[in-house]
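K.L.:
For reference, the structure I am asking about is given below.
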Amino acid sequence: MANSLIQEEISKELEHLPFDKQKKVLEFVRSLVSPPATGVTGKELLKFAGTLTENQACEIKEIIEKDCEKIDISDW
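Following this line, the structure appears as structure tokens:
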């Protein structure tokens, strides 16, 4: 089936679904398009909240802003 035919069939079927089911279909389609999430969830990171002092956090932020995303040509 051509892409446009599939889209038409999906659209026709969606018309018969209630709003909440349409939202679920949209979420599902978006999940197929989006790359899968990797890493650690925010909930898992909460245990680290408040472990840095304000000074430590500022120092880390400054180092990241100063040194990250810079290319060292001599390093190639």
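The opening position of the sequence shown corresponds to residue 14 in this note's numbering, with each subsequent residue numbered one higher. Note that CB positions come from ideal geometry on N, CA and C, so glycine has one too. The structure displayed is predicted, hence computed values, not measured ones.
1) Considering F41, what are the terminal residues of the alpha helix (DSSP H) in which it resides?
2) Less than 9 angstroms separating the beta-carbons of S42 and L30?
3) Going by DSSP in three states, C71 sits in which element: helix, strand or coil?
4) Tell me the DSSP secondary structure of L65 in three-state form.
P.N.:
Put simply:
1) 32-46
2) The residue you asked about is not Ser; residue 42 is Val in the sequence shown. No.
3) helix
4) coil
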